[in-house]
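Engineer: All residue numbers for the sequence shown refer to my numbering, where the first residue is 240 and numbers rise by one.
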Amino acid sequence: MSGVLVGAITLGSLSDTYGRLKIFYIAMGIQFISALCCSFAPTYTMYIALRFFTGFSNGMTVVQFTLLLELVGAPWRAFCCVVVAATFAIGIAVYALMAYYIRNWRYLSVACAVSLVPFIHMYWLLFESPRWLLNKGKTSAAENILKRIAVKNGHSDVTIKLKIPEPSKEKGRNKRFSTLQLFTHKITRNRTLVQLYAWFVNSAVYYGLTLSSGDLGSNMYISVALSGLVEIPANIVAIFLLNRIGRKYSLCGAMLLGGLSCAAILFTPSEYTKTVVGLAMAGKLAISASFSMIYLYTSELYPTVVRNAGLGLCSTFARIGGILVPLIIPLGNIYPNLQFAIFGALSFTSGLLNFYLPETLGKPLPETFEDVDKAAYKITTHALSEDTEGLLAGEGEDEMEEITAV
């Protein structure tokens, strides 16, 4: 967990400077090498050190989500992001299956490393983020990528011209931004503080409910597999809600429901075992849904110039929440189910705080801090136009021959 903590904020910030795709590939390489070397670790200390780097490379998750968000058209953001989140649950189940048949931990480490090999083909499939390229002044590269995407979506006759604002109107376009900029801009600072708490809470409640629920049966492999598969229904519901009632209200509703479910356990007599399990399961499903939602919502709140830095910092606070869970769970020995009351209070208050943030459904992604200041994210000078986004998403009129993204 400590490796993921460091990797999230480091890789997120680096990808805002050097590109999403480059950092993603480097992280994949680190993960493969460290996971493979774990199987040959001669000492426990060496194994822990290698696992740290494996966790560090897992910080590429924030880069992955940002790259996905910036590549797909607006109508597909929610679907794609939640589907990616669902693969985490599937991965847990697959890992349990692998562990069932591969009982030697060294061979299991090799199998995990080898499972990354098929992803080499992504080198020929993925594109760098056109938004990042445009914000770095690499207009030609951005146009070429948008053209390739348009062709794949059946719009081979499209001509894409991107216009960069005059330097006087966009000072610092090539400026290197860091995590500190998240706190120097008033609106972004307020959003960051709320999101840091939300990510901390999501992680703490998620891992807290997982560790507090105990085994679902006598077979630990089945227990681990079910703990992952049970999250898939939550992700399916999340896709529907995100596009129907919006990002903000979906996230707030999920966190409030999770908080109420956990708090209700405190007032449920211990002899009502099924009721306690049912409430804990409801809380787990709600917080699982909110975890898949928060990646999308947070990404849409930040401008492109610091999107990965913001997402990385939030992910770092999520790891802090996960690290503190083992200190919260024993509080149940002081007072029955006290840990659930704490998880409930955390989730409920975070849900309320997010009501103060704006809705992002149907809004263009902000590119700079100036865009964040504009009402309703009205980007008028340099973002991809709505027509362009629709075209790249596979929509638009066939007769449209030229798109100028301004």
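The beta-carbon is built from N, C-alpha and C at its ideal position, and this holds for glycine as well.
Please read these numbers as outputs of a predicted model, since none were measured by experiment.
Using three-state DSSP, classify residue 400 as helix, strand or coil.
Structural biologist: Here residue 400 sits in strand by DSSP.
Engineer: Can you tell me which of 256, 283 and 381 puts its alpha carbon nearest to the alpha carbon of residue 369?
Structural biologist: Of the residues 256, 283 and 381, the one whose Cα lies closest to the Cα of residue 369 is 381.
Engineer: Please classify residue 360: is it buried, with 16 or more other beta-carbons within 10 angstroms of its beta-carbon, or exposed?
Structural biologist: exposed
Engineer: Quick one: which unbroken alpha helix (DSSP H) runs of 4-plus residues sit fully inside the region 548-599? Chain order, please.
Structural biologist: Complete alpha helix (DSSP H) runs here, min 4: 577-592.
Engineer: Measuring CA to CA, which of 592, 589 and 510 is closest to residue 575?
Structural biologist: 510
Engineer: Look at the Cβ atom of residue 531, then the Cβ atom of residue 321, and state whether they are nearer than 9 Å.
Structural biologist: yes
Engineer: Am I right that residue 272 and residue 463 are in contact with their C-beta atoms under 8 Å? What's the rounded C-beta distance?
Structural biologist: Contact flag wrong, Cβ pair sits at about 26 Å.
Engineer: What's the call for residue 544, buried or exposed, on a 16-neighbour Cβ count within 10 Å?
Structural biologist: buried
Engineer: If you measure between the beta carbons of residue 498 and residue 587, is that distance less than 9 Å?
Structural biologist: yes
Engineer: Tell me whether the beta-carbon of residue 270 lies closer than 9 Å to the beta-carbon of residue 299.
Structural biologist: Yes. Within cutoff.
Engineer: Can you give the Cα-Cα distance for residue 566 and residue 556, rounded to whole angstroms?
Structural biologist: 16 Å
Engineer: Give the list of continuous alpha helix (DSSP H) stretches no shorter than 4 residues that lie fully inside the region 241-321.
Structural biologist: 241-257, 259-277, 283-296 and 299-310
Engineer: Residue 251 and residue 305 - do their beta-carbons sit closer together than 9 Å?
Structural biologist: yes
Engineer: According to DSSP, is residue 469 helix, strand or coil?
Structural biologist: coil
Engineer: When you compare only the Cα positions, how much space is there between residue 340 and residue 274?
Structural biologist: Taking the CA atoms as reference points, residue 340 sits about 19 Å from residue 274.
Engineer: Can you list, in chain order, the residues of its chain with a C-beta nearer than 7 Å to that of residue 542? Leave out the 5 residues immediately preceding and following it.
Structural biologist: 605, 606, 607, 608, 610 and 611
Engineer: Using only alpha-carbon positions, find the residue among 469, 243 and 505 that is nearest to residue 577.
Structural biologist: 505
Engineer: Under a three-way DSSP split, which group does residue 369 fall into?
Structural biologist: helix
Engineer: Determine the contact status of residue 265 and residue 471, defining contact as a CB-CB distance below 9 Å.
Structural biologist: With contacts defined as CB atoms closer than 9 Å, residue 265 and residue 471 fail to qualify as a contacting pair.
Engineer: Here's a check: name, in chain order, each residue in its chain whose Cβ is nearer than 6 Å to the Cβ of residue 309, leaving out the five neighbours to either side.
Structural biologist: Contacts found: 368 and 370.
Engineer: Quick one: using the 10 Å Cβ neighbour count with 16 as the cut-off for buried, is residue 487 buried or exposed?
Structural biologist: Residue 487 should be labelled buried.
Engineer: Which stretch, first to last residue, makes up the alpha helix (DSSP H) that contains residue 430?
Structural biologist: 425-451
Engineer: Between the region 275-282 and the region 341-348, do at least 3 Cβ pairs fall closer than 8 Å?
Structural biologist: yes
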